[in-house]
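Notes for the one structure printed next.
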Amino acid sequence: MSANSAFNDEKGGSSSVGEPEYGHDPASGGIFSSDYKRHDDLKEMLDSNKDSLKLEAMKRIVAMIARGKNTSDLFPAVVKNVACKNIEVKKLVYVYLVRYAEEQQDLALLSISTFQRGLKDPNQLIRASALRVLSSIRVTIIVPIMMLAIKEAASDMSPYVRKTAAHAIPKLYSLDPEQKDQLIEVIEKLLADKTTLVAGSVVMAFEEVCPERIDLIHKNYRKLCNLLIDVEEWGQVVIINMLTRYARTQFLNPNMNESLLEEGSDKTFYGSDEDEDEEEEEEKDKKAEAPAMAKRKPYVMDPDHRLLLRNTKPLLQSRNAAVVMAVAQLYFHLAPKAEVGVIAKALVRLLRSHSEVQYVVLQNVATMSIKRRGMFEPYLKSFYIRSTDPTQIKVLKLEVLTNLANETNISTILREFQTYIKSMDKDFVAATIQAIGRCATNIGEVRDTCLNGLVQLLSNRDELVVAESVVVIKKLLQMQPEKHSDIIKHMAKLTDNIQVPMARASILWLIGEYCEHVPKIAPDVLRKMAKSFTNEEDIVKLQIINLAAKLYLTNSKQTKLLTQYVLNLAKYDQNYDIRDRARFIRQLIVPTEKSGALSKYAKKLFLALKPAPVLESPFKDRDHFQLGSLSHLLNAKAGGYQELPDWPEAAPDPSVRNVEVPEWTKCSSREKRKEKKVEKPFYSDSEGESGPTESADSESDSASGSESGSGIEESGSGSESEESEEGSESEEEEEEEKEKDKKKKKKELKKPVQESESEQSSEEEERKHERKSKQRKSESESESDEEEDSESESSQTESEDSESEAEVKKKKKAAESKPPSKPVKKDNKKEKKEMSLLDLDDFEPAPSPQATPVNSFLSNSLATDLEGLSLSDAVLSPATISPSSALKSYEMLHRITGEGLSVEYCFSRQPFSPDANMVAVQMQFTNNATSDTKNLHMEDVKLQSGMRVKEFPEIELLPAGEMVTAVMGIDFCDSTQAANFQLCTHTRKFFVSIQPPVGELMRPVFLTENEFKKEQGQLMGMNEITEKITLDVKCRNEHSIVQRVITAANLSRVPCGSDKECRFAGRTVTSSSLVLVTVATKEEGAAKLTINCEKMVIGTMLVKDILLALTQ
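Under the working numbering, the letters of the sequence shown match residues 4 to 1115, in that order.
And the structure:
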């Protein structure tokens, strides 16, 4: 009560100077003003002993900050709560302090001691948050304290705190660049960290603080290459870009002498046979080889260079477009020409993504296609333009198509261009005409065809099309004007109709330049132009003056007076450029006593032969910027851009990347071979166990890091023997064991999951899965809020067009438990396997199993059970669909937003009669207003490509207080993308959207047990996702499992002989892809969920939904 009375007293009192007074009515809006003195009750809440009140107060304060309100007067009250034990309150206090610490430096400094205490807290989250806030206080006086805190955090037991320390380094560097030397020491220490959580963040700090210190990377290069596959996505992007620059300074250009390499390899190969032949032939061969080999030895790729290429290749399947783009630019800049082609398929896959991603990818493809045209030729159709593409995407696709044009495909491309010219998008049509011009200049065989096509466009009704055609024809005619005087005459006639200045200027230039080919028409054109001279644009006036001068020099009898008239008009023109040009030309072509020496050469000046213009791609010189960078996108050097170094002439010393191996790991090759025979079963049993002395919090991250770290030297030397094939037999034997350990890790990413595995390895896989899931949980708890946001956002974005993360993880687990790989001799097979994942056909739909008619497989017993049901195709009309109590309804429009109109929708799970490929969506309109609502209908439907909508019939009248239902159909194209549209009444328009859960994109199908097993057998391997779960206490019986699964997804139950298994089947609505779900229960609530689906993305999303339904 006291707070309320104080509130009322203050409200009635006079306000401060310049502030409006508020009425006593609570609804007058006074309580919503930030300047109103209601901060007292927030201070009371912050001073209270209850954490719930403090939390509520902090939420309100942070909300005020988000709206841009000033809450700096609450700083002392908030700072006091830094020591609060409630982590939620503490987080919000930290958010507040980061915002106001710089403004309130004195008060912020008072809380430094609290942060220092927080740095010693047993909870890793609090240690990390304290460091984050400390590094965000932009006060130079505490730089030494920040430096000390970062150094301590860099040695912390928790990888999450070490990651936060890496994030703090660039902040401190920007505050005080003089600390660079000390920060480099910390970066060097963190670069040696073996956990994947830290790797990306420390490389980012390295790039910000000391990108020139390439020597820090040497010892960590192999470790970074090996950890790369497990680092979080944005860390992968940073590391790949850094390693691209590193590789350009440390390795030789793989394409420097390809021809020499081929010739040299042939000669050395045959040289071994010639040892037995005559000595004279051998000497001749040596003499022939000598000059070539004297210049350069045959190129042999550095094993570390190969390691980088091999470890980045699997990331072309990443769900994150930025990672794929980073790997693509790495391959473009570093890989041998023969290997660059693998990136084409991955980049084409990204073209199915959002228009923003498409824009960036196409910019890079346009640059690549100039140098490596053959790489993208097989995917020509992927660059065809859709009517739904935005203009900038269309123009870029045109650019790529033009770059890919050659003698074999030009006819196909020109047919495409003919279609594009009919488009309503004028900018796009203009770009198409320019593209036709470029094709004509690049490919001589089709020049005449293109020219004739462009001349036909001159009779087009659209003036812009005609104008652009004129400009392009002008450029083409310059190549061989004597053949095309008819075209010049035809264009001269167009001067009466075309009003676009650039086109008029182009026609006048052509007539003037080739006036000897049209001697009768040219003077008449000048006459007409002289009449309209004063009304023309400046660019046209300049060309009229030029035309007059050229005609005066070639045909002065007919045009002398006209030329003088034009020059007199120009003499008094408003534009000084035109006045100056007129004076200059008069002195040049009309000789007088005062004329200078130049007038003798007037003809040579005006009628000189001019070289034909070269129509080049605007992307021609862009490749000097690193692909994928902002500078490349803008075609201008952006702030902070680092140039891509040139390849070195001679390779730097590769030994700098060698890491010393501890003494106890060294032993002779004989001993190794003995150990290998004895311990082989031991290692295959317990592979994946952590190293002997790893810290507890690092768990398997540290273990994998130490494994790769200790094996760094081995991997280098192993791959060296593999690539150069120069090592002696003894070296090969010595490296055999090391090679084995290394390849085990590589192959796990490249081999598909094998169906036949030993019982031992499958048990190991289960144990490993449990360990990994625990570790993932601990990591996810320690992840920051922004990382969670980005993860969910990226999964939402990428789920449409890439292989799911669950699939990749599953492959890793299955592959880790496999027996060790075979020796080097099998390397060719390994290379084929390496290609297998990238060669999965992303571009053609997987063959779907044939749907069996219901009647053909219903057994007698099942037929009698289903006797009462109607299995006919008859569907309910929209009017008869009634909302079921079990169906979940979603809010489309709230009554406040809709000004009294509220709309809810649900997925009725009934077939939609007008179109079987559409999902039926039932909407319930309620008019809560006092007035009637009229003409309810849809407008401005915005859909992703491939989606369709069948609108509901217009509702002419919805009386006040009444409710009405309507049904619409949406073809979601088997994706969870939202359908956006405007819901319109007679007075207002509301933007609304409908987003389906993945379970509503299906329709149930009836299968027998045998049919189910048969179909499941065909959907194994990558089409199968398995998860182990612990069922909710209320969900341990068969009935509740069935109920929850069917609520989560529109599937039908499949009969099953076992009590411990529940099976469900369905098909996706659009593509009729089969979806099979199996829940197998075990003791104590444990269960195994298996989903087999032709569409892996659908399967991955469905797993999450069903997991949620069964475990909560």
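Beta carbons are placed, not taken as given, at the ideal position from N, Cα and C, and that holds for glycine.
All values reported here derive from a predicted model rather than from experimental measurement.
Count the CB pairs spanning the region 501 to 515 and the region 543 to 557 that are closer than 8 angstroms, and state whether there are at least three.
Three or more pairs of CB atoms, one per stretch, sit closer than 8 angstroms, so the region 501 to 515 contacts the region 543 to 557.
Going by DSSP, what residues sit across from A615 in a beta bridge?
The beta-bridge partner set that DSSP reports for A615 is empty.
I need the straight-line Cα distance from R530 to K563, nearest angstrom please.
One alpha carbon belongs to R530, the other to K563, and they sit about 11 angstroms apart.
Segment contact, 8 angstroms Cβ cut-off, at least three pairs: the region 202 to 216 with the region 634 to 641:
The region 202 to 216, when compared against the region 634 to 641, does not touch it at the 8 angstroms Cβ threshold.
Quick one: give me the first and last residue of the beta strand (DSSP E) that S905 is part of.
Its beta strand (DSSP E) spans residues 904 to 914.
Does DSSP classify H627 as helix, strand or coil?
H627 falls in the helix class under three-state DSSP.
Do V952 and D974 have their CB atoms nearer than 9 angstroms?
Yes; because the gap between Cβ atoms is below 9 angstroms, this pair is in contact.
In the DSSP assignment, what are the bridge partners of I1028?
Note: I1028 sits in a beta bridge opposite I1094.
Beta carbon of P214, beta carbon of M245: below 9 angstroms?
Yes, the Cβ-Cβ distance between P214 and M245 is below 9 angstroms.
Buried or exposed for L122, please, with buried defined as at least 16 other CB atoms from any protein chain shown within 10 angstroms of its CB.
By the neighbour-count criterion, in which a residue is buried when 16 or more other Cβ atoms sit within 10 angstroms of its Cβ, L122 is buried.
Verify whether the separation of the beta carbon atoms of A111 and L100 is less than 9 angstroms.
Between A111 and L100, the C-beta gap is smaller than 9 angstroms, which places the two residues in contact.
Which residues in the same chain have their Cβ closer than 6 angstroms to the Cβ of Q108, if we skip the five residues on either side of it in sequence?
Residues V142 of the same chain have their beta carbon placed closer than 6 angstroms to that of Q108, with the five preceding and five following residues left out of the count.
Can you give me the Cβ contacts of S488 inside the same chain, cut-off strictly under 7 angstroms, excluding the 5 residues immediately before and after it?
Here S488 has H520, V521 as same chain residues with Cβ atoms under 7 angstroms from its own Cβ, once five neighbours each way along the sequence are excluded.
In angstroms with no decimal places, state the Cα-to-Cα distance between E847 and C228.
Confidence at E847 is low in this model, with a pLDDT of 44, below 50, so its placement is unreliable and the value that follows should be read with caution. Looking at the two C-alpha atoms, the distance is approximately 33 angstroms.
In the DSSP assignment, what are the bridge partners of G972?
Paired residue(s): A923, K953.
Rounded to the nearest angstrom, what separates C1096 and Y908 at their Cα positions?
Cα to Cα, C1096 sits roughly 28 angstroms from Y908.
Bridge partner(s) assigned by DSSP for G1069
Paired residues: P1007, V1078.
Strictly by DSSP, which residues pair up with E942?
Beta-bridge pairing links E942 to Q985.
Does N323 pass the burial test, meaning 16 or more other C-beta atoms within 10 Å, or should it be called exposed?
So N323 counts as buried.
Identified DSSP bridge partners for Y103:
As far as DSSP is concerned, Y103 takes part in no beta bridge.
Exposed or buried, what is F1119 when buried is set at 16 or more other beta-carbons lying within 10 Å of its beta-carbon?
Lying outside 4 to 1115, the shown extent of the chain, residue 1119 is not represented and no answer is given.
Helix, strand or coil for E1064? Go by DSSP, reduced to three states.
In this structure, E1064 counts as strand in the three-state DSSP scheme.
Does the region 934 to 945 come within contact of the region 386 to 393, defined as at least 3 CB pairs closer than 8 angstroms?
Segments in contact, no.
Going by beta carbon distance, what residues of the same chain come within less than 7 angstroms of A1112, once the five residues before and after it are set aside?
So the list reads R1047, V1048, T1050, A1051, once near-sequence residues are dropped.
Distance between Q332 and K192 (C-alpha atoms, nearest Å):
The C-alpha of Q332 is placed about 29 angstroms away from the C-alpha of K192.
In its own chain, which residues sit with a C-beta less than 8 angstroms from the C-beta of I1101, not counting the 5 before and 5 after it?
Excluding sequence positions up to five before and after I1101, its CB lies within less than 8 angstroms of the CB of D977, V1001, L1004, T1071, S1076, V1078, all in the same chain and listed in chain order.
Counting beta carbon pairs with one atom in the region 1007 to 1016 and one in the region 1051 to 1062, are three or more of them shorter than 8 angstroms?
Yes, the region 1051 to 1062 touches the region 1007 to 1016.
Between which two residues does the alpha helix (DSSP H) harbouring R586 extend?
If you look at R586, you'll find it in the alpha helix (DSSP H) that goes 579 to 592.
Beta-carbon proximity check, F254 vs L194, cutoff 9 angstroms
Going by beta carbons, F254 and L194 fall outside the 9 angstroms limit.
Which same chain residues, not among the five before or five after V1008, have their C-beta less than 7 angstroms away from its C-beta?
Correct list, in chain order: S1055, A1068, G1069, R1070.
Spatial neighbours of T444 within its chain, please: CB distance less than 6 angstroms, with the 5 preceding and 5 following residues excluded, ordered by chain position.
Only L618 meet the Cβ criterion.
N-terminal and C-terminal residue of the alpha helix (DSSP H) that E419 is part of
In this chain, the alpha helix (DSSP H) harbouring E419 covers 413 to 423.
Using the Cα positions of N858 and L407, report the straight-line distance between them to the nearest angstrom.
Here the model assigns N858 a pLDDT of 43, short of 50, so the residue's position is not dependable, and the following value carries that caveat. Our two residues, N858 and L407, have alpha carbons roughly 53 angstroms apart in a direct line.
Apply the 10 Å Cβ neighbour rule to D307 and answer buried if 16 or more other Cβ atoms are within range, or exposed otherwise.
Within a 10 Å sphere around the beta-carbon of D307 sit 16 or more other beta-carbons, which makes this residue buried.
What three-state label does DSSP hand R70 in the structure shown?
In the structure shown, R70 sits in coil (DSSP, three-state: anything other than H, G, I, E or B).
Using alpha carbons as the reference points, say which of S602, S321, Q645, P648 lies closest to A349.
When each option's Cα is compared against that of A349, the closest is S321.
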